[in-house]
Every structure is written in C-alpha cells, then in structure tokens.
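Taken in sequence, the protein lines are chains Y and B.
Numbering (our numbering) for the first sequence: 2 to 380.
Numbering (our numbering) for the second sequence: 2 to 380.
Working notes for the structure below.
There are 2 protein chains.
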Amino acid sequence: MGDRPEGLEAAFRESLGAGLVVTSGGLGPTHDDRTVETLARVAGRELVLDSALEREIGGVVRGLSERFRRPYEEFESGVRKQATIPEGAESLGLAGTAPGLVLEVDASVVVVLPGPPGELQRLWARALETVPVQRVLEAASRPDHRILRFFGLPESAVARVVERAGGEGEGVDITICAHDLEVQVDLVVRPGAESHADALQRALAEELPRAMFADDERPVEELVLDLAREQGLSIAAAESCTGGLVAARLTSVPGSSESFAGGIVAYDNRLKRDLLGVPDVILSRHGAVSAETAAAMAQGVRGAVGADVGVSVTGVAGPGGGTPEKPVGLVHLHASTPGAEEAMELHLPGDRAAVRRRAAASALHLLRRVLAQSRHTRA
Amino acid sequence: MGDRPEGLEAAFRESLGAGLVVTSGGLGPTHDDRTVETLARVAGRELVLDSALEREIGGVVRGLSERFRRPYEEFESGVRKQATIPEGAESLGLAGTAPGLVLEVDASVVVVLPGPPGELQRLWARALETVPVQRVLEAASRPDHRILRFFGLPESAVARVVERAGGEGEGVDITICAHDLEVQVDLVVRPGAESHADALQRALAEELPRAMFADDERPVEELVLDLAREQGLSIAAAESCTGGLVAARLTSVPGSSESFAGGIVAYDNRLKRDLLGVPDVILSRHGAVSAETAAAMAQGVRGAVGADVGVSVTGVAGPGGGTPEKPVGLVHLHASTPGAEEAMELHLPGDRAAVRRRAAASALHLLRRVLAQSRHTRA
C-alpha cells in the first residue's frame, strides 16, 4: 500500500539518538522508495549524486538493459536516483542496483539495508566490518548466547525442565520458541551467570536426551547432509504430499549434490507404482497413505535413484481428501538404509501449507535420526 | 532474544487510541510470551481465567499430550496461562493452543493474533466478522484497489510507462514492487479518481501487452494449474538446480493433483540419463547445463511420468560450480507440449537461494506462457 512518507519520517526522528539504527527496504529505483531521501531530510544532510556509485550502478544496469533488451535510457533516472545519497554516507556495495549505506548522524550510526532477506544479510555482514559499526559493537558488551534445539516435544515439556532447573533470572534471559515441531531454547547469559546457565543446559541435556539434536542454528537439512557425507552415503527422496519440499530443502544447501542423488515426486498412484515400484496389492489393500506404502516408496526410491538411503512421505495435506479413517494431517514417513528401516506416523495440525511444511521437517528429522544411528552402529 | 516487556508495553501505550490495533505473536504457553498480560496491564483490565476457554484448550492439549506420550500435568500451567485473558475480551478461536482475542478499550478495538502466518491469516478472517472490527471498518472509507502484474521486465520499464501516463497524484496512490522477476503495480484509487486510474491501466496494458499477465494476486502456480485444467492437460517437472521447488510450488495449491502428475529431481547426471532419458551424447557434448539438456529433460519427463506437458530446469545455482563459460546464475529452462517447444535462457543475479527461487518462478511463467498459447491455438 506504499510506504507513507510521514510514517517513515516519524520513525527516523524517533530512532535517531539510539547508538545503532538499522533500516531495511525502500531502496528501489522508483519514486515510491523513499528511505534515502527521508533519512537525508531528517539528518539535515544534502543529497548528493555520488559519481563513482553512479558508474558502479550504471555497469550493473547496462547488463540488465541488455538482458531485457530495453534501451539504457529507460533506466537512467533510476540509476541517478539510486546513486544519490546523503552527504557523508558510505556505500556498503550493491544489492541488485541499490547501494546499502552507513551514515553517522551525531552519536548515531545509521545502517541502510535492502529489503530482500538474502541481500539484507549479505550487506549486513559488510556493515559489521565498517569502522562506525565496529565502534558501536565494541562499546556494547556482548552477552554469551547459547542455543539448544529439540525435536518431537511440545514447547511446554521443555519449559517445565527449564522451570525445575531454576528458570529465568540470575543473569540468564531465556526464550523458548517452537517452529515446525522444533523447539529452540536461547539462553542469553550475562557475565557472572555462567554457572546457572550451565545448570540449565545440563538439566535439558539429561532430561531430554533423545529430543535434543543441536546446539547451533544450522538447519536440519545441513545436519542430514553432514551425517551422510561423513559416512559416504547417498540420499534419495520419494514424496507425495510434500510434493518436492524435502528435496528442495536438501538441495538448498551448497554442495548438497555430494550426498543428495535425487528425488521423485509421485503425486499420482500410477507413478508410485511405475517409478517407485510400489506393488499394486499394497496400494489397493492399504491405500496410498499408509505405513506399508511409505515403506515401499522409501525402498523403491533407493532402487530407482540408486541411492544408499531412501526417505518417503505420503499423507493427506488437505483441505480436501480426508476421510474419518484417514483425516487431513495424517502423514506416514519412512526411512530405509542398508542397515535399518524406520517408520513414523504423524497427525499434524494446521492448514495445507503447515501440514506440508511440518511433514517435510519431520522427514528430515527422521533422516537425521537414522543417519546418526548408523554412524553410531559403525563406530 | 526475547520480547522485552518494556518495549511491548511502550508499543501498546503508543498505539492505544488508534481506531484499530492489531498485534501478532507472543501468545505461547511459556512465561516469555507476554502479549496478553501486557495488554491487560496497559488497558487497566483484570486478567481472568475463562473456564470455557480453559476447557477448549484443555481438549486440544489432551490430544497433544497423548500424541507426545507425556503426562497431561506437564501442560496444565500452560493451559491456565493461555485461558487467562483480559476482562471483556472475546475469543476468536484457537491457533494451536492459543486463543486470538478481540478487546475494546475506550475508542480502540484491539485484535490479538498469533505469530505463525497461516494461523494469523485464519484468525484475522474471523476477527473481520466480529461486531467491533466491523464497526471500525464501516467507519473507514474503502478505496478502490487495482492490481496489475508483469513478468520479464525491469521495475523501471513499468515505472516509465506509469510516469508517461501521468504518474501518481490526482487521487491515485501508486506502488511498484518487484519480487522474483515479477513486477506488481498497486493503484489505490480515491473516489472521483477513477478516470485517471483507467488511463494508467490502459497505458500499461497497451504498452506492455506481452509482459502483463494478471490483475489479481493469485500466485503464478495457480494460474498454471487453472490453464492446464481448462484444457485437460497434465504437467510434469524435471528439475536439477531448483531441486524440487517447481514441483513444491505447483503442489502447494489445493487440488493440484488434478493437473500435476509428478516430478523428478535429477540432481545427478546419471539420473538425467536413467530416469529422464537424456542421451549420453547430449550430456557429453553440451553439458548438463545447456539448452539441449533442458530440452531433453522436458521431453523425457513427459514420457517418464506420462504427462502431456513437461517443464525442465537445469542451471548453476552456486556458490560453487561456475566456470567462465557457464557462470553461477546461468539457467536453462524448457517447456515441451504436444504442440510446442519453448526454451528460455536466464542469467540470474543473487545467491544460491535467490537463483533457485527465480529459476523456479521463471519455469512457472514459462509454463503459463506455453499453456496460454496452447489455449489460444485451440480456441
């Protein structure tokens, strides 16, 4: 609905004065992107055309104009707009054609970042290396930040262990957050509070040993690929209701081709039979959404793709297709390895997108578990 | 890092007084979710245990406790916390175990929604049906909102047409926003400004006829499935660098099984040959990332899956794997139908996630284009 200029201006006026002010978005080439001009006005700085920046953006835009086969002059006013920055601002480099900026205003350091999350993260990393931002960070004391992650437990089970072990306070801030069947505990530990944090961590590790799976924020697909690579195993996925989400998450990790061979999205029963070799008798006796079909899919995809480990997902994502015996949210998973078979039955709440997302997350956790076991068995 | 109570309280104090105040998140069962208690404090309301709500949440939690095989009492304090609401608040129903709420505070209506986007949207739809929210909406005049969407053009090309046709003003607010190679123009039209909005709309339709593809916000995967269903055609996807994203987007649409048959994620060259029938000579002569391989993949997946229409994606998503001839961002797409073959070569900017996302979006647009053509040819 457009960024209202008055709202933006009020936000800048309110935040200038803080040590560090970070903005995201509103850097595009068109008139309705107003972050830079508003910042200049509030900070009382002239807007100046930075000619080095104009050349840099112009270079990118020339490529764009060729790719889109449009004359360069269509872009010219946009280039000038994006190369015009507040006096004293330092460029962080380009996100697309938009420069990120750092600007010191009295005691504040303002970091202007692009909106798209990937670009924001990339330029934020550069902002962290600039002198003004480094000075702000050095002045702030960095608390110790510990992470513990759990799968297959409700948030409240984790909260109870935390409470019994002394809970929040004594210099430890605790956040417990559930997302797609994972529960993440963040401990922010002030200096001197390490022993209370240690006690909390020990209690969680001792009382919930099976559920705890990580002490960092790496996504589960990365943990799965690391476990597979360590053991020289290749992975294949056979998906029905998740329709490619498991494969997409695994292939989102750079270098995943080393351990992920491929996947088959067998939406149709005919494909479960023709591509994955699920016997007709299993489909007709147990149905497409069943533990038996899931097992046959996981074993079948190992053969079809020629991989060591197969994982499968079949379920009712909804909103249609549910029956009293097989309601929306019922999902069967199966993992098949040279040494083990493991099944999981889920009854997932939520709409179609939530069921699919949670089923894919669970399939990755099932893979993680069987790969951790096979490493354990080998060792 | 935890929601700081002071920050929350200040935000409530600042926003109470507006006609409508909407919050999201902070409704979980644990102590660090503080939205409801903070609202009660700022609004000067007692917190009361709503026993009907307690029974409703208790029912859901009993199911959870059985699923997770944990004793019910582990959850009890969480149930009580989530059933305790400000006096006078009305429940919107549960998101998981958390109730959404509507509360009137003097001249303000406060709507308390959960954080997860799907749940937020579901309960927001319910909030819109409540008497207090309806009253607020009736008091506000609703401007006419028009949408125009384009593919394969830079934002600035669209902006130039808009400028030449008179641009913003005269009662029309314009937002131009680019996302994954789509450009969306939003026109918010105040009463009396319809003729200027019509002129803008006409100019865009006449000057950019090939690029304009929709006048609503339905995602491109939905447009593709509608076009296929109308013509009784089935679709299959063969993916390399997108690793399942195209299939995942198509299957995200309810009822997609009617037109989407299945997909093959052929990450490995061996699978491109064994599952998709890409000839060895094409792979060795042109490489896996080539127009020739893309064409063979699209044709091959039609046969493998038994579908009418095949779409394929092969490219270098990065960060590794690029060469001077085939740099990161090079992607070949191909669509194969009974009546037509269409290829697309892309040079995509951005990191691995952006290249994959944009390649998947482009593959869907290529499908949309060939399906729109085949409908045209048939008609």
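Every residue, glycine too, gets a C-beta built ideally from N, C-alpha and C.
{"Check": "State the DSSP-derived secondary structure class of Gln185 (chain Y), mapped to helix, strand or coil.", "Outcome": "strand"}
{"Check": "So Leu272 (chain B) contacts chain Y; which residues on that side make the cut at Cβ distance below 7 Å?", "Outcome": "Ala262, Gly263 and Val306"}
{"Check": "Out of Y:Leu246, Y:Arg161 and Y:Ala297, state which residue places its alpha-carbon closest to the alpha-carbon of Ile283 (chain Y).", "Outcome": "Y:Ala297"}
{"Check": "Is Arg359 (chain B) helix, strand or coil when you go by DSSP?", "Outcome": "helix"}
{"Check": "Using the rule of at least 16 other Cβ atoms within 10 Å of the residue's Cβ for burial, across every protein chain shown, is Arg219 (chain Y) buried or exposed?", "Outcome": "exposed"}
{"Check": "Since Arg150 (chain B) is in the beta strand (DSSP E), which residue starts that stretch and which ends it?", "Outcome": "Asp145 to Phe152"}
{"Check": "For the segment 29-50 of chain B, which residues have a CB atom closer than 8 Å to at least one CB atom of chain Y, in sequence order?", "Outcome": "Gly29, Pro30, Thr31, His32 and Asp33"}
{"Check": "Specify, as a first and last residue, the run of the alpha helix (DSSP H) that Gly388 (chain B) falls within.", "Outcome": "Since the first and last residues shown for chain B are 2 and 380, residue 388 (chain B) lies out of range."}
{"Check": "Tell me the DSSP secondary structure of Thr36 (chain Y) in three-state form.", "Outcome": "helix"}
{"Check": "Assign Gln83 (chain B) to buried or exposed, taking buried as 16 or more other Cβ atoms, counted over all protein chains shown, within 10 Å of its Cβ.", "Outcome": "buried"}
{"Check": "Just to make sure I have the definition right: I need the residues of chain Y whose C-beta is within less than 7 Å of the C-beta of Ile177 (chain B). Which are they?", "Outcome": "Thr31 and Asp33"}
{"Check": "Helix, strand or coil: which one does DSSP assign to Gly311 (chain B)?", "Outcome": "strand"}
{"Check": "Determine, using beta carbons only, whether Tyr268 (chain Y) comes closer than 8 Å to chain B.", "Outcome": "yes"}
{"Check": "In the DSSP assignment, find the unbroken alpha helix (DSSP H) run with Gly301 (chain B) in it and report its ends.", "Outcome": "Ala292 to Val306"}
{"Check": "Using the Cα positions of Val173 (chain Y) and Asn270 (chain Y), report the straight-line distance between them to the nearest angstrom.", "Outcome": "53 Å"}
{"Check": "Would DSSP call Pro133 (chain B) helix, strand or coil?", "Outcome": "helix"}
{"Check": "Just reading off the beta strand (DSSP E) that Thr252 (chain Y) is part of, what are its end residues?", "Outcome": "Not the beta strand (DSSP E): Thr252 (chain Y) falls in the alpha helix (DSSP H), residues Leu246 to Thr252."}
{"Check": "Span of the beta strand (DSSP E) holding Ala179 (chain Y)?", "Outcome": "Val173 to His180"}
{"Check": "Are the Cβ atoms of Ala239 (chain Y) and Gly301 (chain Y) separated by less than 8 Å?", "Outcome": "yes"}
{"Check": "What is the rounded straight-line gap between the Cα of Pro158 (chain Y) and the Cα of Asp281 (chain Y)?", "Outcome": "Note that residue 158 (chain Y) is Ala in the sequence shown here, rather than Pro. Answer to the nearest angstrom: the Cα atoms are 42 Å apart."}
{"Check": "Over the uninterrupted alpha helix (DSSP H) stretch that includes Glu1 (chain Y), give me the two end residues.", "Outcome": "There is simply no residue 1 (chain Y) to check, as chain Y begins at 2 and stops at 380 in what is shown."}
{"Check": "Bridge partners for Glu343 (chain Y) per DSSP, in chain order?", "Outcome": "Y:Ala336"}
{"Check": "Between which two residues does the alpha helix (DSSP H) holding Pro6 (chain B) run?", "Outcome": "Pro6 to Ser16"}
{"Check": "Of the residues Y:His377, Y:Thr378 and Y:Ala364, which one's Cα is nearest the Cα of Phe152 (chain Y)?", "Outcome": "Y:Ala364"}
{"Check": "For His1 (chain B), list the residues DSSP reports as bridge partners.", "Outcome": "No information on residue 1 (chain B) is available, as it lies outside the stretch 2 to 380 that chain B covers here."}
{"Check": "Could you check what DSSP says for Ser241 (chain Y) in three-state terms: helix, strand or coil?", "Outcome": "coil"}
{"Check": "If the cut is a Cβ gap below 7 Å, which residues of chain Y does Glu207 (chain B) touch?", "Outcome": "What Glu207 (chain B) touches in chain Y: nothing, since even the nearest Cβ is about 17 Å away."}
{"Check": "So, for Glu55 (chain B): in the same chain, excluding its five sequence neighbours on each side, which residues have a beta-carbon less than 8 Å away from its beta-carbon?", "Outcome": "Val80, Arg81 and Ala84"}
{"Check": "At a CB-CB cut-off below 8 Å, which residues of chain Y make contact with Phe69 (chain B)?", "Outcome": "Gly153, Leu154, Pro155 and Ala158"}
{"Check": "Checking 8 Å against the spacing of the C-beta atoms, do Gly245 (chain B) and Leu334 (chain Y) come in under that value?", "Outcome": "no"}
{"Check": "Per DSSP, what kind of secondary structure is Thr31 (chain Y) in: helix, strand or coil?", "Outcome": "coil"}
{"Check": "Would you check if the distance between the CB atom of Gly311 (chain B) and the CB atom of Ala299 (chain B) is smaller than 8 Å?", "Outcome": "yes"}
{"Check": "Figure out for me which residue from B:Gly27, B:Ser66 and B:Pro155 has the closest Cα to the Cα of Glu77 (chain Y).", "Outcome": "B:Pro155"}
{"Check": "Interface residues of chain B around Leu401 (chain Y) at Cβ under 8 Å?", "Outcome": "Because chain Y is modelled from 2 through 380, residue 401 (chain Y) falls outside the range shown and cannot be assessed."}
{"Check": "Candidates Y:Thr36, Y:Ser235 and Y:Ala19: which alpha carbon is nearest Gly8 (chain Y)'s?", "Outcome": "Y:Thr36"}
{"Check": "If we count the other Cβ atoms within 10 Å of its Cβ and call it buried at 16 or more, is Glu88 (chain Y) buried or exposed?", "Outcome": "exposed"}
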